[in-house]
RNA sequence: GGAGACGUGGGUGAGUUGGCUGAAACCACACCCCUGCUAAGGGUGCGUAUCCUAACCGGGUACCGAGGGUUCGAAUCCCUCCGUCUCCGCCA
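Numbering (the working numbering), first residue to last: 9 to 422.
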């Protein structure tokens with residue numbers, strides 16, 4: 009959630025900043041009014057409560073002293089009745105405010121490039137030269153078929169479309185990648201965690217998936233539980249509603265989880281192959297950082313993800329997202345796009361974001377800064393998406409006969 | 001899943017015939033004083049959120065697992081849910 013006090017006191021500036029994310033001024037001005045209304049409603053209600061409390065105290069005193077209470081009782085009853093509409097007003101104001109406030113995206117950083125969609129993203133650098141083929145490189149689904157690696161039909165049979173089964177070497181390669189990623193992250197100082205794959209609504213709200221993006225989530229029937237769309241949710245919410253000692257920062261966490269997404273709204277996109285699935289494996293990095301140090305941590309995370317791709321010998325490029333392409337919670341995001349020679353293009357394989365205090369405010373994650381409690385910054389990033397790495401290896405390491413080499417660093421994991 | 005017990009501040013733990021308890025006491029922690037010794041003693045402070053305010057000074061409101069209810073007034077009474085422990089059942 010954005011800082012409503014900041015919005016109130018710096019409306020012009022706040023409004024200008026959120027333009028980048030496509031939030032119009034009218035909405036923000038409405039939000040500002042709702043905030044003022046809630047404050048006014050609460051002030052009125054709290055004054056009435058204060059009155060009620062002091063009269064109640066008197067009430068007890070009178071009784072002890074054996075005084076007559078009928079007059080006081082009448083006053084206190086009248087005040088209580090007068091509070092009913094005040095209570096209603098405050099409740100409505102709160103509901104109105106939060107239903108809007110929770111749907112407002114985070115401010116982008118000032119140096120985030122202008123732009124409306126991925127066309128306007130800025131390529132920062134390329135790492136590793138794509139290999140040149142002396143034959144026509146195949147796309148991963150063709151390679152999958154030749155090698156018997158991915159059973160799309162049976163994935164669909166078992167579940168529905170956008171589910172697949174990895175078989176034999178591919179299943180082992182998937183597992184090897186998970187282990188390789190976790191080991192690498194651990195060596196960089198990330199604590200490895202194995203977390204629940206379902207989280208409750210409050211946690212999903214903490215990281216920003218709820219209430220706005222419920223349609224993208226698989227909900228467990230009859231339970232207050234959702235299948236996680238990313239390990240960012242459980243890892244970040246590890247410290248939901250907690251106050252961390254300053255010297256524990258940054259908290260670095262990594263974990264492997266499957267991720268579940270309905271992919272509502274992406275009908276028809278990437279239907280071929282294994283690029284976009286309802287369930288995919290991912291190893292995630294999450295950092296809880298001191299606000300003054302989150303930029304450093306961010307750079308470290310980008311570098312780590314890039315280094316993993318380099319270690320695997322996978323050519324990739326580093327792309328800074330423009331304002332319009334930024335996710336809901338992100339103030340800044342860098343994507344890593346891996347080269348897919350079969351598709352002849354770069355495709356996203358990691359996305360690293362700094363959400364600043366946006367998630368921290370929702371999830372109430374603070375640290376002790378001297379005597380005061382301050383919101384932390386939270387960061388998250390993939391290192392890496394496992395299924396897409398598998399695809400990248402298939403396409404980049406293919407031979408003319410359709411066989412696939414295993415990258416050197418993975419051999420000890422196979 | 002069934003039966004019983006229980007859920008208080010960083011920890012231990014009072015408080016359950018409703019009011020003077022936002023909450024005793026002790027421990028831990030912070031600062032100060034005393035003391036020249038590898039100890040002890042004394043004092044003060046020590047929850048979170050939000051509103052008023054220039055203010056981390058003062059005051060209001062809310063919070064004793066969560067959410068409702070009864071009442072002038074609830075940590076204390078009632079209901080629902082969640083969780084913990086014990087016994088039984090079940091299972092990887």
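All C-beta atoms, glycine included, are put in the ideal place defined by N, C-alpha and C.
Roughly how many angstroms separate the alpha carbons of residue i and residue j, rounded to a whole number?
{"i": "residue 236", "j": "residue 256", "result": "26 Å"}
{"i": "residue 232", "j": "residue 317", "result": "37 Å"}
{"i": "residue 399", "j": "residue 279", "result": "15 Å"}
{"i": "residue 88", "j": "residue 126", "result": "57 Å"}
{"i": "residue 375", "j": "residue 240", "result": "19 Å"}
{"i": "residue 208", "j": "residue 59", "result": "39 Å"}
{"i": "residue 67", "j": "residue 85", "result": "12 Å"}
{"i": "residue 155", "j": "residue 373", "result": "48 Å"}
{"i": "residue 264", "j": "residue 53", "result": "48 Å"}
{"i": "residue 444", "j": "residue 20", "result": "Residue 444 is absent from the structure shown; the chain starts at 9 and stops at 422."}
{"i": "residue 225", "j": "residue 218", "result": "9 Å"}
{"i": "residue 270", "j": "residue 368", "result": "26 Å"}
{"i": "residue 335", "j": "residue 296", "result": "19 Å"}
{"i": "residue 383", "j": "residue 114", "result": "15 Å"}
{"i": "residue 174", "j": "residue 422", "result": "15 Å"}
{"i": "residue 43", "j": "residue 11", "result": "11 Å"}
{"i": "residue 80", "j": "residue 118", "result": "59 Å"}
{"i": "residue 98", "j": "residue 41", "result": "14 Å"}
{"i": "residue 18", "j": "residue 381", "result": "23 Å"}
{"i": "residue 108", "j": "residue 37", "result": "11 Å"}
Is the distance from the Cβ of residue i to the Cβ of residue j below 8 Å?
{"i": "residue 223", "j": "residue 272", "result": "yes"}
{"i": "residue 293", "j": "residue 245", "result": "no"}
{"i": "residue 138", "j": "residue 331", "result": "no"}
{"i": "residue 253", "j": "residue 305", "result": "no"}
{"i": "residue 102", "j": "residue 26", "result": "no"}
{"i": "residue 404", "j": "residue 385", "result": "no"}
{"i": "residue 479", "j": "residue 324", "result": "In this structure the chain extends from 9 to 422, so residue 479 is not present and cannot be described."}
{"i": "residue 146", "j": "residue 350", "result": "yes"}
{"i": "residue 112", "j": "residue 181", "result": "no"}
{"i": "residue 401", "j": "residue 291", "result": "no"}
{"i": "residue 201", "j": "residue 261", "result": "yes"}
{"i": "residue 313", "j": "residue 389", "result": "yes"}
{"i": "residue 266", "j": "residue 205", "result": "yes"}
{"i": "residue 342", "j": "residue 310", "result": "yes"}
{"i": "residue 24", "j": "residue 14", "result": "no"}
{"i": "residue 302", "j": "residue 364", "result": "yes"}
{"i": "residue 9", "j": "residue 340", "result": "no"}
{"i": "residue 49", "j": "residue 91", "result": "no"}
{"i": "residue 163", "j": "residue 150", "result": "no"}
{"i": "residue 337", "j": "residue 215", "result": "yes"}
{"i": "residue 387", "j": "residue 358", "result": "no"}
{"i": "residue 328", "j": "residue 124", "result": "no"}
{"i": "residue 170", "j": "residue 285", "result": "yes"}
{"i": "residue 184", "j": "residue 418", "result": "yes"}
Checking the sheet assignment: what are the DSSP bridge partners for residue i?
{"i": "residue 412", "result": "406"}
{"i": "residue 149", "result": "For residue 149, which the question treats as bridged, DSSP gives no partner whatsoever."}
{"i": "residue 438", "result": "Missing from the structure shown is residue 438; the chain here goes from 9 to 422 and no further."}
{"i": "residue 358", "result": "344"}
{"i": "residue 324", "result": "135 and 346"}
{"i": "residue 374", "result": "251 and 383"}
{"i": "residue 353", "result": "348"}
With DSSP run on the structure shown, which of helix, strand or coil describes residue i?
{"i": "residue 309", "result": "helix"}
{"i": "residue 285", "result": "coil"}
{"i": "residue 337", "result": "coil"}
{"i": "residue 381", "result": "strand"}
{"i": "residue 390", "result": "strand"}
{"i": "residue 344", "result": "strand"}
{"i": "residue 130", "result": "strand"}
{"i": "residue 252", "result": "strand"}
{"i": "residue 266", "result": "strand"}
{"i": "residue 19", "result": "helix"}
{"i": "residue 301", "result": "coil"}
{"i": "residue 143", "result": "coil"}
{"i": "residue 246", "result": "helix"}
{"i": "residue 314", "result": "helix"}
{"i": "residue 114", "result": "coil"}
{"i": "residue 120", "result": "coil"}
Any heavy atom of the ligand ADP closer than 7 Å to the Cβ of residue i?
{"i": "residue 337", "result": "Ligands in the displayed structure: none, and consequently the ligand ADP is not present."}
May I have a chain-ordered list of the alpha helix (DSSP H) segments no shorter than 4 residues that lie completely inside the segment 157-187? 160-166
Pick out the complete alpha helix (DSSP H) segments inside the segment 24-109, 4 residues or longer, and give them in chain order. Along the segment 24-109, the alpha helix (DSSP H) occurs as fully enclosed runs of 4 or more residues at 33-73 and 78-109, listed in sequence order.
Can you check the segment 182-235 for any alpha helix (DSSP H) of at least 4 residues that lies completely inside it and give the ranges in chain order? 209-215
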